[in-house]
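**Student:** Structure in structure tokens, see below.
Residue numbers (this note's numbering), protein chains in the order written: chain A, 482 to 940; chain B, 482 to 940.
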């Protein structure tokens, strides 16, 4: 018995080999193979495989799935893939799939469909309650608690007895579904609290819910932002969070797994912004989409480069006499850029994780300048020694003084810019990318040549 | 009734003002204020405030907490803060706090204590079972499933009846605790499956567990890595994951909220690596720690800068005659760096999110070169026009040809380097940081001056 179970759950790992085998089984119409090697997997694993197939292959594989697995696999597929797959089905067929799907997943799927098809699909969903749930959910703006929630939940009235509750639960859930919380509402459907399962199990069958429920629970309104939802659920370690409307009525619940997705997406978006990608692209998007996401910040960087060229251009005569000044242009630019990125990354993360709250900003800047001074002295000391040995004192002094100044400037800007952006409600992750690098490049060159001209005129 | 609840849960927002008020209340020994404004909050909120206090203030506030709230607040505090706070307590007092803490939190706290104190604290924990649970948990290596799990779980034997189960549950949990899963084990404590709560509630009191339990469940061994745990829980949308030992015995469970923390930490670490921070520092760490985390990559960048200076140095005579060549050094370097970071960020994210699996690498490289070619043509076209107007044809041709080549090289390296690093099990996020930027800087300068010398000798 036990061995049987251990074999049953082997962590599935998608490989090119598996995908190719499935592809050729589809080509050969090898239903026996597909039945044992594809259909026995968990819906999430099937979805991962189908994501890698062509549209026709995907349709072939999808049609093999039964009534229960189909909607689950559909819910787990990549958005783009799902859109392509659904395009080959009639509205009636799509409606059938949505009928057996969780309301939040169904709403996500339907929201991706072309506007003119959405209503048609909705009108063909047989279960009227499901159709109205979906219609309600697609109203909510993306990024709100309303758009994250699902309608499936278990609620009981405060005036019911434990026995009546158990009867209700029997009716409200099917056998397979997990049950994380039983919400208690008054006769106007307004949220009162939560009934711990343990209490339900151990209380007297005739005890009333109002005597045993727990009124201390956390909830959000439908209009709360998804970041607020993440914050509350993460901070208070919640698995499910009830959602209420303006009148305090219980209208849905958000599960932690949906919030995990939001956390991942937010982190991905921050990395994209910090890397100078203006849209959230992934490497499977097509060439034009990827190009378009990248070109804006490249152009910003180029403009910075052009400004830099004008600044250096102003010192053309100086370079003619002292071409060695040009040698250290990349070093000054790169170090300034690196320091700026380091400083701003710490601030961006502090802002994202809420660890900066309660600390004051002048103090942060001061500390950052302290770090800059320390690292700046180390770096410029080393470069002084190097340049003095290789070139001469004048160049060594120029490079090391400029480097120290650049490091301090970059430390200051790397701290100040994201904090300021955050104050003006602009995503501070933008500051860690090409923006702060470009700015530091320009400032670095300016400082370097100013120092150079000054020192060369003295010595 | 309802209004009362709505007032009860106001999303707590930590502000400098609140912290200052608490600080002065502590100074004035204003217990009435502290009782209403601090002790009434949730443990997580209290921990946030205590994190911002001095050690003495923190100790004052902590001592006000009752037996139940104290351990919860301690578990939620920042590691550094907690260490400082606990240093002022005796081992006996620490043991008392750990006695009422969840086993996983207690193990985390004890692992932070100095080695010589750990045993002393363990030996003074009154509840022998709790002490042995903690002793077991601190054995597991960080980053494994064993180190993430807690010992608190509900398990029943397969031969028990529903009635006996309910009696067991009554014994095994206290009233406040949430109950997410009831695990079923055989008489050797080996994991057999899970008993859905719903089934427990609606089944006949004399039905046996073995007739109603669900053998289909996912689990991990104690030796699984935390990233495997994250993958399984995230993919299959699990709220709790049972952990078994080498013999298949149920030894603990991992909750999703601990996994959420792992996800956040992993994302933070990636951002740190991409930004050239060699340790995971936050802005509250002290000056030396922050400096030390930053200096290694700054030095790498400086070495790159020195190599760059040698390359430019080789063209000293050329620069003397054509100082305008120096103007565009920053532009070439910056654009190469930006493209490299963009390319590698997409790959790093694809690797982190497992979306690259099943796609082949030559194809990725080809696509990336396509994107590079497209963006490179746009950028070099623009810069040609600019340089032609401002300077002359030779410089315009040099800059634009070099830029296109640099963009292509950077696209290639930005894709190739992280993929290669990943193959050799090195965190590819390292590649997106100063490493790829420095490499691109050097390559960019080399290409630029090679092109320059070639074109200037022709025209």
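We treat Cβ as the ideally placed atom computed from N, Cα and C, and that holds for glycine. This one's a predicted model, so the numbers in the text were calculated from it and none came from an experiment.
From residue 668 of chain A to residue 681 of chain A, what distance separates their C-alpha atoms?
**Tutor:** Your numbering for residue 668 of chain A matches position 187 in the first chain. Your numbering for residue 681 of chain A matches position 200 in the first chain. Between the alpha carbons of residue 668 of chain A and residue 681 of chain A lies a gap of roughly 20 Å.
**Student:** Quick one, which residues of the region 818-830 of chain B are near chain A if we go by CB-CB under 9 Å, in chain order?
**Tutor:** Within the region 818-830 of chain B, the residues whose Cβ lies closer than 9 Å to some Cβ of chain A are 818, 819, 820, 822, 823, 824, 825, 826, 827, 828, 829, 830, listed in chain order.
**Student:** Return yes when the Cβ of residue 810 of chain B is within less than 9 Å of the Cβ of residue 793 of chain B, no when it is not.
**Tutor:** The count along the second chain starts at 1 and reaches residue 793 of chain B at position 312. The count along the second chain starts at 1 and reaches residue 810 of chain B at position 329. Against a cut-off of 9 Å, the Cβ pair of residue 810 of chain B and residue 793 of chain B comes out as a contact.
**Student:** Output needed for residue 730 of chain A: all residues of its chain with C-beta closer than 8 Å, excluding positions within five of it in sequence on either side, in chain order.
**Tutor:** As a working mapping, residue 730 of chain A is identified with position 249 in the first chain. Correct list, in chain order: 666, 669, 670, 671, 672.
**Student:** Check the C-beta distance from residue 583 of chain A over to residue 556 of chain A and give it rounded, since I have them as a contact under 8 Å.
**Tutor:** The residue labelled residue 583 of chain A in the question sits at position 102 within the first chain. The residue labelled residue 556 of chain A in the question sits at position 75 within the first chain. Yes, residue 583 of chain A and residue 556 of chain A are in contact; Cβ-Cβ is about 7 Å, under 8 Å.
**Student:** Quick one: what does DSSP say residue 582 of chain A is sitting in, helix, strand or coil?
**Tutor:** Within the first chain, numbered from 1, the residue matching residue 582 of chain A stands at position 101. Coil.
**Student:** Give a yes or no on contact between the region 597-608 of chain A and the region 545-555 of chain A, applying the rule of three or more CB pairs nearer than 8 Å.
**Tutor:** no
**Student:** Are residue 722 of chain B and residue 741 of chain B touching if we call contact CB-CB under 9 Å?
**Tutor:** The residue given as residue 722 of chain B occupies position 241 in the second chain. The residue given as residue 741 of chain B occupies position 260 in the second chain. Going by C-beta atoms, residue 722 of chain B is not nearer than 9 Å to residue 741 of chain B.
**Student:** Going along the chain, which unbroken runs of the beta strand (DSSP E) with 3 or more residues stay wholly within the region 688-730 of chain B?
**Tutor:** 721-725
**Student:** Quick one: using the 10 Å Cβ neighbour count with 16 as the cut-off for buried, is residue 472 of chain B buried or exposed?
**Tutor:** Nothing about residue 472 of chain B can be reported from this structure: the residues present for chain B run from 482 to 940 only.
**Student:** Does any residue of chain B bring its CB to less than 9 Å from the CB of residue 523 of chain A?
**Tutor:** Here residue 523 of chain A refers to the residue found at position 42 of the first chain. At least one chain B Cβ lies under 9 Å of residue 523 of chain A.
**Student:** Spatial neighbours of residue 569 of chain A within its chain, please: CB distance less than 6 Å, with the 5 preceding and 5 following residues excluded, ordered by chain position.
**Tutor:** One-based indexing of the first chain puts residue 569 of chain A at position 88. So the list reads 540, once near-sequence residues are dropped.
**Student:** Return the CA-CA distance between residue 657 of chain A and residue 685 of chain A, expressed in angstroms with no decimal places.
**Tutor:** Your numbering for residue 657 of chain A matches position 176 in the first chain. Your numbering for residue 685 of chain A matches position 204 in the first chain. With a pLDDT of only 47 at residue 657 of chain A, under 50, the local geometry of the prediction cannot be trusted, and the value read off the model is given with reservation. Cα-Cα distance, rounded: 26 Å.
**Student:** Just to check my reading of the structure: residue 676 of chain A and residue 700 of chain A have Cβ atoms closer than 8 Å, yes? What is that Cβ distance to the nearest angstrom?
**Tutor:** The sequence position of residue 676 of chain A within the first chain is 195, counting from 1. The sequence position of residue 700 of chain A within the first chain is 219, counting from 1. 15 Å between Cβ atoms; not a contact.
**Student:** Under the assumption that residue 820 of chain A contacts residue 910 of chain A (Cβ atoms under 8 Å), give the Cβ distance between them as a whole number of angstroms.
**Tutor:** As a first step, residue 820 of chain A must be located in the first chain, where it is residue number 339. As a first step, residue 910 of chain A must be located in the first chain, where it is residue number 429. The Cβ separation is near 18 Å, so there is no contact.
**Student:** What residue from A:791, A:574, A:894, A:614 has the CA that sits closest to residue 586 of chain A's CA?
**Tutor:** The residue given as residue 586 of chain A occupies position 105 in the first chain. Residue A:614 is the option with its Cα nearest to residue 586 of chain A.
**Student:** Just the C-alpha distance for residue 932 of chain A and residue 883 of chain A, rounded to the nearest angstrom, thanks.
**Tutor:** Start at 1 with the first residue of the first chain, and residue 932 of chain A comes out as number 451. Start at 1 with the first residue of the first chain, and residue 883 of chain A comes out as number 402. C-alpha separation (whole angstroms): 6 Å.
**Student:** Using the Cα positions of residue 663 of chain B and residue 663 of chain A, report the straight-line distance between them to the nearest angstrom.
**Tutor:** For the purposes of this step, residue 663 of chain B is taken as the residue at position 182 of the second chain. For the purposes of this step, residue 663 of chain A is taken as the residue at position 182 of the first chain. Near 17 Å, if we compare the C-alpha coordinates of residue 663 of chain A and residue 663 of chain B.
**Student:** For residue 877 of chain A, I'd like the list of residues in its chain whose CB is within less than 7 Å of its CB, leaving aside the five on either flank, ordered along the chain.
**Tutor:** Translated into the one-based positions of the first chain, residue 877 of chain A becomes position 396. Result list for residue 877 of chain A: 865, 868, 869, in chain order.
**Student:** At a CB distance below 8 Å, what residues from the region 859-874 of chain B approach chain A? Give them in sequence order.
**Tutor:** Taking 8 Å as the Cβ-Cβ cut-off against chain A, the residues of the region 859-874 of chain B that qualify are 859, 860, 863, 864, 867.
**Student:** Quick one: Cα of residue 772 of chain A to Cα of residue 863 of chain B, how far?
**Tutor:** As a working note, residue 772 of chain A is residue 291 in the first chain. As a working note, residue 863 of chain B is residue 382 in the second chain. Going from the Cα of residue 772 of chain A to the Cα of residue 863 of chain B covers about 16 Å.
**Student:** Are there 16 or more other CB atoms within 10 angstroms of the CB of residue 652 of chain A, so buried, or fewer, so exposed?
**Tutor:** Here residue 652 of chain A is taken as the residue at index 171 of the first chain, counted from 1. With fewer than 16 other Cβ atoms within 10 Å, it is exposed.
**Student:** Only counting the same chain, and skipping five residues up and downstream in sequence, which positions put a Cβ closer than 7 Å to that of residue 545 of chain B?
**Tutor:** The residue you call residue 545 of chain B lines up with position 64 of the second chain. Once the five neighbours on either side are set aside, the close Cβ partners of residue 545 of chain B are 515, 520.
**Student:** Comparing alpha-carbon positions, which option in B:702, B:874, B:803, B:899 lies nearest residue 822 of chain B?
**Tutor:** Locating residue 822 of chain B in the second chain gives position 341, counting from the first residue. Among B:702, B:874, B:803, B:899, the Cα nearest to that of residue 822 of chain B is on B:899.
**Student:** Threshold first: 3 residues or longer. Then list the beta strand (DSSP E) segments lying entirely within the region 591-651 of chain A, N to C.
**Tutor:** 635-638
**Student:** On the CB-based measure, 16 or more other CB atoms within 10 Å of its CB, does residue 618 of chain A come out buried or exposed?
**Tutor:** The residue you call residue 618 of chain A lines up with position 137 of the first chain. Buried, because 16 or more other Cβ atoms sit within 10 Å of the Cβ of residue 618 of chain A.
**Student:** Answer yes or no: does any C-beta atom of chain A fall closer than 9 Å to that of residue 626 of chain B?
**Tutor:** On the second chain, residue 626 of chain B is found 145 positions in, with the first residue counted as 1. Closer than 9 Å: no.
**Student:** So residue 744 of chain B contacts chain A; which residues on that side make the cut at Cβ distance below 9 Å?
**Tutor:** Looking up residue 744 of chain B in the second chain gives position 263. Near residue 744 of chain B (Cβ distances below 9 Å), the residues of chain A are 741, 744, 745, 748.
**Student:** For a quick check, are the C-beta atoms of residue 725 of chain A and residue 703 of chain A less than 9 Å apart?
**Tutor:** Reading the first chain from its first residue, position 244 is the one you call residue 725 of chain A. Reading the first chain from its first residue, position 222 is the one you call residue 703 of chain A. Yes, these two residues count as a Cβ contact at 9 Å.
**Student:** Which of the three DSSP states is assigned to residue 907 of chain B in this structure?
**Tutor:** For the purposes of this step, residue 907 of chain B is identified with residue 426 of the second chain, where counting begins at 1. Coil.
**Student:** Any idea what DSSP makes of residue 664 of chain B, helix, strand or coil?
**Tutor:** As a working note, residue 664 of chain B is residue 183 in the second chain. Three-state result, residue 664 of chain B: strand.
**Student:** Between residue 707 of chain B and chain A, is there a C-beta pair that is closer than 9 Å?
**Tutor:** Taking the second chain and counting its residues from 1, the one referred to as residue 707 of chain B is at position 226. Not closer than 9 Å to any Cβ of chain A, the Cβ of residue 707 of chain B fails to qualify, so no.
**Student:** Could you work out which residues of chain B lie near residue 790 of chain A, taking near to mean beta carbons separated by less than 8 Å?
**Tutor:** Taking the first chain and counting its residues from 1, the one referred to as residue 790 of chain A is at position 309. Contact note: residue 790 of chain A reaches chain B through 808, 809, 811, 812, using a C-beta cutoff of 8 Å and chain order.
**Student:** If you measure between the beta carbons of residue 717 of chain A and residue 661 of chain B, is that distance less than 9 Å?
**Tutor:** Your numbering for residue 717 of chain A matches position 236 in the first chain. Your numbering for residue 661 of chain B matches position 180 in the second chain. Contact: no.
**Student:** Within the same chain, show all residues whose beta-carbon is closer than 8 Å to that of residue 560 of chain A, passing over the 5 residues directly before and after it, in chain order.
**Tutor:** Translated into the one-based positions of the first chain, residue 560 of chain A becomes position 79. 593.
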